[in-house]
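Asker: Pasting in a structure now, in structure tokens, and then I'll have a few things to ask.
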Amino acid sequence: MSSDRNGVIRPWPLVDRRAFIGAAGLAGALSFWPMFAAVSAPLRYNLKPVELAPGAWMLVGADEAITRANGGAIANITILDTSEGAVVIDTGPSRRYGEELNSLARQLTGKPVVRALLTHFHPDHVFGCQSFGADTLAAPKGVIDGLKQSGEDFATAMYYLAGDWMRGTELVLPQMIVESGHEDIGDRRLRYLVLEGHTDSDLAVFDERSGILIAGDLAFLNRAPTTPHADLPAWHRSLAKLSELPISKLVPGHGPAETTPLALRQTEQWLRMLEERVGNAFERGLSMTESMDEPLPAWTEKIALARYEYERSVMHLFPKLEADRWPRVDQSN
Ligand SMILES: [Zn+2]
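All the letters of the sequence shown, read from the start, carry residue numbers 55 to 387 under our numbering.
Here you go:
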């Protein structure tokens with residue numbers, strides 16, 4: 055995650071805009087109070103739950119990069135009702151998002167949140183954690199280790215990218231470690247699959263009774279996958295494992311939920327396309343910038359952010375190809 059694309063930073067940041075509105079509004083502040091109050095209102099995500107099945111909802115992330123317009127709310131978040139309390143899967147990009155998520159989960163289920171699971175350490179999924187009790191936060195060890203190592207850098211990047219939405223947000227580490235296996239929370243049996251490939255540690259959650267698979271960022275649908283910490287061979291293996299599950303509905307990390315495993319197939323297809331195109335460009339001796347201009351297959355036209363993520367993936371994959379295919383002459387046979 056980095057602010058490597060200037061396009062996502064708006065030239066007139068919200069903080070400056072608000073200062074300007076404040077100064078310009080001073081003279082008429084009293085007579086135009088309602089208007090002034092409207093533009094100064096605190097930012098809100100206005101989360102809208104979409105029902106997946108009885109007692110299961112998702113909050114659909116925007117098919118966009120993180121910007122000051124969307125406040126980083128680009129990832130899908132899932133809420134499950136159980137007889138013991140609410141379970142949320144991923145906590146969103148900021149403290150503000152986490153607070154709205156926490157109260158929405160209470161409102162939908164009529165119960166407090168008893169568990170907040172993190173699927174991986176990327177910032178659009180983890181910075182709402184502050185709003186949940188430390189003893190309810192749980193993630194695989196690799197996710198917690200990743201947050202220890204990179205969490206502060208992610209927070210800095212998010213403050214630059216999302217601006218005011220991030221105010222008051224701090225890194226919080228889960229206390230509970232999730233391992234592969236089952237957990238019964240009230241009347242729900244959750245199967246945890248600790249996998250890897252999108253990052254070093256990716257959690258997928260399968261709700262055994264409803265057949266809903268919450269795949270985290272191992273699966274994308276109609277939105278191009280991100281690869282800053284990807285291990286593509288491991289990602290293929292994880293997709294194959296998820297394909298074996300009896301899925302009734304699949305919630306990808308980004309993109310719409312579907313009753314088919316289309317997200318798994320499309321993610322697989324994207325990764326193969328990346329490997330072929332980027333590998334081929336490398337073999338032909340193209341530079342990174344030349345490789346970014348390579349044409350993409352027609353089927354990617356319906357994929358949001360296809361060109362943007364393809365270019366970023368060239369940046370991520372080229373150094374690996376150089377390390378793999380250009381060994382030091384004194385270390386090769
Ligand atoms: Zn994500």
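Glycine residues also receive a C-beta, built at the ideal position from the N, C-alpha and C atoms. Values in this document were obtained by computation on a predicted structure and should not be read as measured data.
Taking 6 angstroms as the limit, name every residue whose beta carbon sits nearer than that to some heavy atom of ligand 1, in sequence order.
Answerer: Any residue whose Cβ sits closer than 6 angstroms to a heavy atom of ligand 1 makes the list: Ala129, His176, Asp178, His179, Asp271, Gly307, His308.
Asker: Mark glutamate 337 as exposed unless 16 or more other C-beta atoms lie within 10 angstroms of its C-beta, in which case mark it buried.
Answerer: In the sequence shown, residue 337 corresponds to position 283, counting from 1. By the neighbour-count rule (16 or more Cβ atoms within 10 Å), glutamate 337 is not buried but exposed.
Asker: Select from Met212, Val197, Glu206, Leu247 the residue whose C-alpha is nearest the C-alpha of leucine 267.
Answerer: Looking up residue 267 in the sequence shown gives position 213. Nearest of Met212, Val197, Glu206, Leu247 to leucine 267, Cα basis: Leu247.
Asker: Can you give the Cα-Cα distance for proline 103 and tryptophan 111, rounded to whole angstroms?
Answerer: Counted from its first residue, the sequence shown places residue 103 at position 49. Counted from its first residue, the sequence shown places residue 111 at position 57. So the two alpha carbons sit approximately 6 angstroms from each other.
Asker: Specify the secondary structure class of histidine 308 as computed by DSSP and reduced to three states.
Answerer: Within the sequence shown, residue 308 is the residue found at index 254, counting from 1. Note: histidine 308 maps to strand in three-state DSSP.
Asker: Checking 8 angstroms against the spacing of the C-beta atoms, do alanine 192 and proline 228 come in under that value?
Answerer: Stepping through the sequence shown from its first residue, residue 192 is reached at position 138. Stepping through the sequence shown from its first residue, residue 228 is reached at position 174. For alanine 192 and proline 228, yes; Cβs fall inside 8 angstroms.
Asker: Just verifying my parser: in three-state terms, what is the DSSP assignment at tryptophan 353?
Answerer: Looking up residue 353 in the sequence shown gives position 299. Tryptophan 353 falls in the helix class under three-state DSSP.
Asker: Regarding glutamine 184 and ligand 3, is the C-beta to nearest heavy atom distance less than 7 angstroms?
Answerer: Absence of ligand 3 is noted for the structure shown, with ligand 1 being the only ligands found.
Asker: Would you kindly check if the distance between the Cβ of asparagine 130 and the Cβ of glycine 115 is under 8 angstroms?
Answerer: Your numbering for residue 115 matches position 61 in the sequence shown. Your numbering for residue 130 matches position 76 in the sequence shown. Contact: yes.
Asker: Measure the alpha-carbon distance for methionine 342 versus phenylalanine 372 and round it to whole angstroms.
Answerer: Here the question's residue 342 lines up with position 288 in the sequence shown. Here the question's residue 372 lines up with position 318 in the sequence shown. Between methionine 342 and phenylalanine 372, the C-alpha separation is close to 7 angstroms.
Asker: Do the CB positions of serine 148 and threonine 223 come within less than 8 angstroms of each other?
Answerer: Locating residue 148 in the sequence shown gives position 94, where the first residue counts as 1. Locating residue 223 in the sequence shown gives position 169, where the first residue counts as 1. For serine 148 and threonine 223, yes; Cβs fall inside 8 angstroms.
Asker: The alpha helix (DSSP H) spanning tyrosine 214 covers which residue range?
Answerer: Stepping through the sequence shown from its first residue, residue 214 is reached at position 160. Run containing tyrosine 214: 195-216, per the alpha helix (DSSP H) assignment.
Asker: When DSSP labels each residue in this structure, what does leucine 286 get in the three-state scheme?
Answerer: By one-based count along the sequence shown, residue 286 stands at place 232. Residue state, collapsed to three classes: helix.
Asker: Return the residue from the list Phe186, Val232, Trp219 that minimises the CA-CA distance to glycine 196.
Answerer: As a working note, residue 196 is residue 142 in the sequence shown. It is Val232 whose Cα lies nearest to the Cα of glycine 196.
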